[in-house]
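Reviewing the structure listed below.
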Amino acid sequence: AQGEAGEEEYEPSEEEMDALLSEAELKAKREKKRDELIQKELDGYKEIDEKLKRAEKLPARTSTDYEPRAEPTSWSSGRERRKADESDVRKAREAVGAVEAMLGQLAADEEFQADLRRPAFDTALKHWTNEARLPPSEARALFDEESFEYQQYLKPGLAKITRLQAACRTAGIGVPIDAIRKRRSTIFEPKPKPPTEAEKRLAEKERREKARKEFEEKLMADLPPPQPFSWRKLGRQLVIQLFLMASVMLYFHFVMRPNLEKQIKEAELAHRQTQDADAITFPDDASEYVEIGGAASEATTDELDACPRSAMARSPRIRAQARRRRRRLCSRQLSLRADSGHRRPPKPRQTNS
């Protein structure tokens with residue numbers, strides 16, 4: 001009897017009934033269902049149209065106490081400020097206090113903090129908070145009930161976070177994951193205290209030291225790394241320096257010194273010749289000078305020409321100085337003749353006897 005009653009209570013579902021139909025029957029059934037929905041929607045439109053027609057025939061409603069509604073001047077006009085109930089405020093504070101108490105318990109729980117530092121627990125927490133969802137296969141492997149990692153570390157830690165989630169739901173806030181990771185006993189980050197003078201000086205010193213290191217790193221970025229000290233390299237540099245110094249001294253002694261001595265001798269010879277040329281004097285009487293001017297000029301020229309030919313040939317500079325000196329003497333003689341008004345008597349012509 002119980003079996004017959006069970007068989008009578010069983011009713012096949014619509015999917016099971018559709019499985020027994022052919023494709024043509026299924027298509028006809030779907031079209032019939034679609035037509036029924038369309039007809040139902042059209043009937044609804046017709047009903048609405050009939051109501052609108054009946055409403056148009058009805059007289060307009062009037063009211064003696066009707067007043068037009070004032071247009072709002074701002075978004076808050078016409079709104080009444082809702083007064084906060086003291087009981088609601090007290091309940092909200094109690095709920096937030098409960099959440100912070102649980103955060104303090106988690107911060108003081110060394111076992112939970114050790115589990116929180118495990119990579120598997122961090123991965124599970126990111127998956128649980130939808131921060132980084134895992135693929136289904138990896139999620140099943142991570143949350144496997146039979147695995148030692150899940151039974152020993154993940155399950156106890158996630159149970160504590162679940163209790164914290166329930167307290168946060170009661171307070172109407174989200175789970176403070178950042179406070180859990182930073183081991184903080186408050187929901188929000190506390191305001192930092194104003195630094196003291198000693199802390200300000202220490203911070204300024206650290207800032208300057210950091211800026212100096214950054215400047216040195218930027219300055220030394222393109223330089224090659226320093227090479228280790230080598231006695232062999234130092235000795236090689238000293239030998240090269242000594243060789244260069246000896247080469248310079250030998251060049252000065254055997255090449256430059258003879259050239260300097262030769263130039264000094266030539267300069268002394270030119271100086272003596274200049275002094276000899278300046279020692280020639282002329283008589284005060286212009287007439288006497290005019291009479292003997294030619295002889296004096298010839299004598300002066302002879303004295304200048306008396307210098308050794310070998311020395312003049314060796315020094316073109318001395319020869320040029322002698323020529324300039326000779327020209328100055330000639331110009332001086334001509335100026336004296338022009339001032340005295342006398343002219344040199346012409347040379348007698350030679351006649352053939």
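Mapping of the sequence shown onto our numbering: position 297 corresponds to residue 297, and the numbering continues sequentially without gaps.
Don't be surprised by glycine CBs; every beta carbon is placed ideally from N, CA and C.
Predicted model only: the values in this text are computed from it and were never measured.
Go ahead and label residue i buried or exposed: buried means 16 or more other beta carbons lie within 10 angstroms of its beta carbon, across all protein chains shown.
| i | result |
| --- | --- |
| CYS358 | The chain is shown from 1 up to 353; residue 358 falls before or after that span and cannot be answered. |
| ASP222 | exposed |
| GLU298 | Caution is warranted here: a pLDDT of 43 is assigned to GLU298, below 50, making its placement in the model unreliable, and no coordinate value can be reported. |
| GLY104 | exposed |
| PHE243 | exposed |
| TYR251 | exposed |
| GLY157 | buried |
| TYR45 | exposed |
| ASP115 | buried |
| LEU202 | exposed |
| LEU125 | buried |
| GLU16 | exposed |
| LEU58 | exposed |
| LEU26 | exposed |
| LEU52 | exposed |
| ARG314 | Because ARG314 sits at a pLDDT of 49, beneath the cut-off of 50, its placement in the model cannot be relied upon, and the following sentence gives the value as read from the coordinates. Exposed, because fewer than 16 other Cβ atoms sit within 10 Å of the Cβ of ARG314. |
Taking the straight line between their C-alpha atoms, what separation do you get for residue i and residue j?
| i | j | result |
| --- | --- | --- |
| GLU291 | ARG332 | Caution applies to GLU291, whose pLDDT of 38 falls short of 50 and renders its modelled position unreliable; the model cannot decide the point. |
| GLU14 | LEU42 | 27 Å |
| ARG325 | PRO316 | 14 Å |
| TRP213 | PHE188 | A quick correction: the sequence has Lys, not Trp, at residue 213. Their backbone Cα atoms lie some 36 Å apart in a straight line. |
| ILE38 | LYS29 | 14 Å |
| ALA5 | ASP18 | For ALA5, the pLDDT reaches just 43, beneath the cut-off of 50, and the residue's location in the model is therefore unreliable, although a value from the coordinates is still provided. The alpha-carbon atoms of ALA5 and ASP18 are separated by roughly 25 Å. |
| THR301 | GLN263 | Any reading at THR301 must be qualified, since the residue scores a pLDDT of 46, below 50, and its modelled position is unreliable; no value is offered. |
| ALA311 | ALA270 | Confidence at ALA311 is low in this model, with a pLDDT of 46, below 50, so its placement is unreliable and no value can be given for it. |
| TRP75 | GLU209 | 55 Å |
| ALA179 | GLU36 | 58 Å |
| GLU149 | LYS182 | 23 Å |
| SER185 | PRO226 | 51 Å |
| ARG117 | THR129 | 17 Å |
| LEU334 | GLN275 | 23 Å |
| LEU21 | GLU31 | 15 Å |
| MET220 | LYS233 | 24 Å |
| PRO135 | HIS127 | 10 Å |
| ALA217 | VAL239 | A small correction: the amino acid at residue 217 is Glu; Ala does not occupy that position in the sequence shown. Approximately 36 Å between the Cα atoms of the pair. |
| ALA55 | ARG69 | 24 Å |
| GLU86 | GLN151 | 45 Å |
| ARG133 | ALA108 | 29 Å |
| THR73 | GLU47 | 40 Å |
| ALA211 | GLU110 | 39 Å |
| GLU288 | ARG328 | With a pLDDT of 39 at GLU288, under the threshold of 50, the modelled position of that residue is not reliable, and the figure given next carries that caveat. Answer to the nearest angstrom: the Cα atoms are 20 Å apart. |
| ALA257 | MET245 | Strictly speaking, residue 257 in this sequence is Arg, with Ala absent from that position. Taking the straight line joining both Cα atoms gives about 16 Å. |
| SER230 | THR196 | 51 Å |
| ASN354 | GLN237 | Nothing in the structure corresponds to residue 354, since the chain is present only between 1 and 353. |
| HIS93 | ILE173 | A quick correction: the sequence has Arg, not His, at residue 93. Cα-Cα distance, rounded: 12 Å. |
| ARG207 | PRO192 | 19 Å |
| ARG309 | GLU261 | Because the pLDDT of ARG309 is 47, which lies under 50, any placement of that residue in the model is unreliable, and the number read from its coordinates should be weighed accordingly. Near 20 Å, if we compare the C-alpha coordinates of GLU261 and ARG309. |
| GLU11 | ARG34 | 25 Å |
| GLU131 | LEU106 | 21 Å |
| GLU60 | ASP49 | Residue 60 is actually Ala in this sequence, not Glu. Distance between the alpha carbons of ALA60 and ASP49: 19 Å. |
| MET146 | GLU138 | What sits at residue 146 in the sequence shown is Glu, not Met. Near 15 Å, if we compare the C-alpha coordinates of GLU138 and GLU146. |
| GLY235 | PRO228 | 15 Å |
| PRO224 | PHE215 | 17 Å |
| GLN113 | VAL175 | 17 Å |
| SER247 | PHE254 | 11 Å |
Would the beta-carbon of residue i fall within 8 Å of that of residue j?
| i | j | result |
| --- | --- | --- |
| ALA322 | GLN273 | yes |
| ILE318 | GLU268 | no |
| THR170 | ALA95 | yes |
| LEU164 | ALA120 | no |
At a cut-off of 7 Å, would you count residue i as near the ligand NAD, judging by its Cβ distance to the nearest heavy atom?
| i | result |
| --- | --- |
| PHE143 | What this structure holds is no ligand at all, so the ligand NAD is not there to describe. |
On the premise that residue j lies in contact with residue i, defined as a C-beta separation below 8 Å, what is that separation, rounded to the nearest angstrom?
| i | j | result |
| --- | --- | --- |
| ALA159 | ALA98 | That pair is no contact at about 17 Å. |
| THR162 | LEU142 | Contact flag wrong, Cβ pair sits at about 17 Å. |
Kindly indicate if chain C contains any beta-carbon less than 8 Å away from that of residue i.
| i | result |
| --- | --- |
| GLU146 | Any reference to chain C falls outside this structure, which holds one protein chain only. |
Report task. Could you name each continuous alpha helix (DSSP H) segment of 4 residues or more that falls completely within the stretch 88 to 155, going from the start of the chain to the end? Result -> Qualifying alpha helix (DSSP H) stretches, in chain order: 110 to 116, 119 to 128, 136 to 142.
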